[in-house]
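> Here it is: the structure, laid out below.
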């Protein structure tokens, strides 16, 4: 999936001259956690997170604290050297960036100009869609040898029963790397005829199990 | 406690039949009815003949387009392509001749059951043909075409101005009814079911609590596969009592699917007949405590139509009627009549003997997990009690 398909295009931005107080208001008003800092050409010059803003705000433990800190400008606290992605970047790439850099948001730029934003929430939404749990379905897990031709075999059995697949994922089988686990969701309340077909084939059905079997 | 009950029933429920080998088989209602008659617990004067729901009534919940599509499918005029959008013609809900009429009868029966209670002819009523909780506004799914529960609740709101508590003990999540009232603070839905991690429809997580004004009026208790009686009843009773006290309904509508039993071929819960005595007893108690006795019970899932559903639903009626569940042996006349027809040997007692299924090795973990789920499900109510 491409970045442009999952990004938010209405981005709330501020400039280096805006104040910490402005940033606090923006974060609260729109219930967001990151604000890209842009110049007049919409070039991304920095980014400010809710944590940056909190760190720069007076402590809640101090009575009569000096509120003048709130009028400092964002140029003084923003993170520079912002990591950005292109609209044609891939979702996998974004996941890697979040994971490696321990961040939760990247601005999306085209010709260096801001066109959108992607956060960990967009990524999680994509994951939910990939797993297919947002659609009515039953989940089945099948253990297959880790070699070519296994997936078509499994999918054929599903297809023979005229069942609609909502998602399919392949995981490593932890106890033995010679196997993989194919996890798929089918749009039916009665997957049992198909499961019977799978049991009668060369594949091992990991779920559903009979009651009383060890899990 | 002196109260009265009515049993809504028609032989024509059997016309709701997708195909000869489809797991949803309304023959179970006839088997139940027969078992009750042979046990002497169902008399002619208990029985109410249902009516058909009108299109106007179906449209209280379903879209007109969808009703039109079902009507076309009913006379064989809907193409496979046209049906796809409405979930009609799938493996779960294939088209069949007369499907509109058969489904309208199911809804009409639920409306008849409601009218019996609301017009004061009885305190409780039962429609075992209903409880088709997977039907959506414009889509058939999970063996359900029209959603009689959702139409019935809309009817209760509109005609009788009731605040309704819907409680669903089917092993599958009651998604169609939940989504129908997800934003409505006057309808409270509560579903206990096997976790959607594997089982259809996959929803029914604790965090589905309602939307906007309806937030805090949807409750879900997704319990682990292989949950047994003790843990099921423990979390269920605790949740139901708390939710009923919090919401204070005018009437309770219960969906009494009988597919959480260890014999059921479509699910992975390990209940025995015990829960099918206790579930109606608790509904009865709470209906009297909060609703002046007003309670409409519906059927639902249940796919072991020989060994499980007749016993479970007969107990439902018996407990509704006189709060004294059947004990001991099943009537010999019923066994003699039906045992030759059944693909299995039938149980001869109302209760399942101990050790009927293999011991569940992870029992302590499952019990602990379910207790944790209960806590999360009740969090909203507990917070209200603490902070308001």
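Protein chains in written order, with the UniProt record's numbering: chain A, 1 to 215; chain B, 1 to 388. Beta carbons: idealized from backbone N, C-alpha and C, even for Gly.
According to DSSP, is residue 201 (chain B) part of a helix, a strand, or is it coil?
Three-state result, residue 201 (chain B): coil.
> Counting only C-beta atoms, is residue 92 (chain B) closer than 9 Å to chain A at any point?
Yes - at least one Cβ of chain A is within 9 Å of the one on residue 92 (chain B).
> Quick one, which residues of the stretch 169-186 of chain B are near chain A if we go by CB-CB under 9 Å, in chain order?
For the stretch 169-186 of chain B, which is checked against every Cβ of chain A, the residues closer than 9 Å are 172, 175.
> Per the contact definition of three or more C-beta pairs closer than 8 Å, is the stretch 63-79 of chain A in contact with the stretch 142-159 of chain A?
No, the stretch 142-159 of chain A is not in contact with the stretch 63-79 of chain A.
> From the beta carbon of residue 161 (chain A), is the nearest beta carbon of chain B less than 9 Å away?
Yes, residue 161 (chain A) lies at the interface with chain B (some Cβ there is under 9 Å from its Cβ).
> Quick check on DSSP: helix, strand or coil for residue 350 (chain B)?
In this structure, residue 350 (chain B) counts as coil in the three-state DSSP scheme.
> Can you have a look at residue 1 (chain A) and say buried or exposed, based on whether 16 or more other CB atoms are within 10 angstroms of its CB?
Under this definition residue 1 (chain A) is an exposed residue.
> Using 8 Å for Cβ pairs, my map puts residue 72 (chain A) next to residue 16 (chain A). What's the rounded Cβ distance?
Not really, about 11 Å apart at Cβ, beyond 8 Å.
> If you compare alpha carbons, which of B:239, B:223, B:195 is closest to residue 188 (chain B)?
Answer by Cα proximity: B:239.
> Would you list the one or two residues that DSSP bridges to residue 407 (chain B)?
The structure shown does not extend to residue 407 (chain B), since chain B is modelled only from 1 to 388, so the question has no answer here.
> For residue 220 (chain A), which residues in chain B fall below 8 Å Cβ to Cβ?
Nothing about residue 220 (chain A) can be reported from this structure: the residues present for chain A run from 1 to 215 only.
> For the stretch 128-141 of chain A, which residues have a beta carbon sitting closer than 9 Å to at least one beta carbon of chain B?
Correct list: 132, 133, 134, 135, 136, 137, 138, 139, 140, 141.
> Taking the Cβ atom as the reference point for each residue, do residue 288 (chain B) and residue 320 (chain B) lie within a distance shorter than 9 Å?
Going by C-beta atoms, residue 288 (chain B) is not nearer than 9 Å to residue 320 (chain B).
> For residue 33 (chain A) and residue 169 (chain A), what's the separation of their Cα atoms in angstroms?
Cα-Cα distance, rounded: 31 Å.
> With 16 other CB atoms within 10 Å as the buried threshold, where does residue 318 (chain B) fall?
Result: buried.
> Going by beta carbon distance, what residues of the same chain come within less than 8 Å of residue 213 (chain B), once the five residues before and after it are set aside?
Within the same chain, residue 213 (chain B) has close Cβ partners 183, 184, 185.
> How would you write the range of the alpha helix (DSSP H) that residue 152 (chain A) sits in, first residue to last?
Element bounds for residue 152 (chain A): 150-160.
> For residue 142 (chain B), which residues in chain A fall below 8 Å Cβ to Cβ?
Those are 136, 189, listed as they occur along chain A.
> Give a yes or no on whether the minimum CB-CB distance between residue 211 (chain B) and chain A is below 9 Å.
Not one chain A Cβ lies under 9 Å of residue 211 (chain B).
> Flag residue 209 (chain A) as yes if its beta-carbon sits less than 9 Å from any beta-carbon of chain B, otherwise no.
So yes, residue 209 (chain A) belongs to the interface.
> Would you mind sorting residue 14 (chain A) into buried or exposed? The rule is 16 or more other CB atoms within 10 Å of its CB.
When all chains shown are included, residue 14 (chain A) counts as buried.
> Identify the contact partners of residue 125 (chain A) in chain B, using a Cβ-Cβ distance below 8 Å as the criterion.
Here the premise fails: no neighbours, minimum Cβ distance about 15 Å.
> Quick check on this structure: which residue in B:354, B:70, B:369, B:290 has the alpha carbon closest to the alpha carbon of residue 165 (chain B)?
Looking at the Cα atoms, B:290 is the closest of the given residues.
> Residues of chain B with CB under 7 Å from residue 203 (chain A), in chain order?
Result: empty, since nearest Cβ-Cβ is about 17 Å, beyond 7 Å.
> For residue 239 (chain B), which of helix, strand or coil comes out of DSSP?
Correct three-state label for residue 239 (chain B): helix.
> Taking residue 380 (chain B) as the reference, give the member of B:233, B:206, B:369 with the closest Cα.
Comparing Cα-Cα distances from residue 380 (chain B) to each of B:233, B:206, B:369, the minimum goes to B:206.
> Quick one, are the C-beta atoms of residue 374 (chain B) and residue 235 (chain B) less than 9 Å apart?
Taking 9 Å as the Cβ cut-off, residue 374 (chain B) and residue 235 (chain B) qualify as a contacting pair.
> What are the complete alpha helix (DSSP H) segments, minimum 4 residues, inside the stretch 46-93 of chain B?
Those alpha helix (DSSP H) runs which fall completely within the stretch 46-93 of chain B and span 4+ residues are 55-58, 64-74, 80-84.
> Indicate whether the contact test is met: 3 or more Cβ pairs, each with one atom in the stretch 22-34 of chain B and one in the stretch 81-90 of chain B, closer than 8 Å.
Contact fails: fewer than three Cβ-Cβ distances are below 8 Å.
> Does the count of Cβ pairs from the stretch 106-117 of chain B and the stretch 50-61 of chain B closer than 8 Å reach three?
Touching, yes, given that three or more Cβ pairs across the two stretches are closer than 8 Å.
> Taking only beta-carbon atoms, is residue 200 (chain B) less than 9 Å away from chain A?
Yes - at least one Cβ of chain A is within 9 Å of the one on residue 200 (chain B).
> Using the C-alpha atoms, what's the distance from residue 19 (chain A) back to residue 111 (chain A)?
If you take the alpha carbons of residue 111 (chain A) and residue 19 (chain A), they lie about 28 Å apart.
> With DSSP run on the structure shown, which of helix, strand or coil describes residue 79 (chain A)?
Correct three-state label for residue 79 (chain A): strand.
> So which of B:228, B:159, B:151 has the shortest CA-CA distance to residue 354 (chain B)?
Among B:228, B:159, B:151, the Cα nearest to that of residue 354 (chain B) belongs to B:228.
> Rounded to whole angstroms, what's the CA-CA distance from residue 88 (chain A) to residue 3 (chain A)? Just pull it up for me.
When rounded, the distance between both Cα atoms is 6 Å.
> Where do the ends of the beta strand (DSSP E) carrying residue 127 (chain B) lie?
Residues 124-127.
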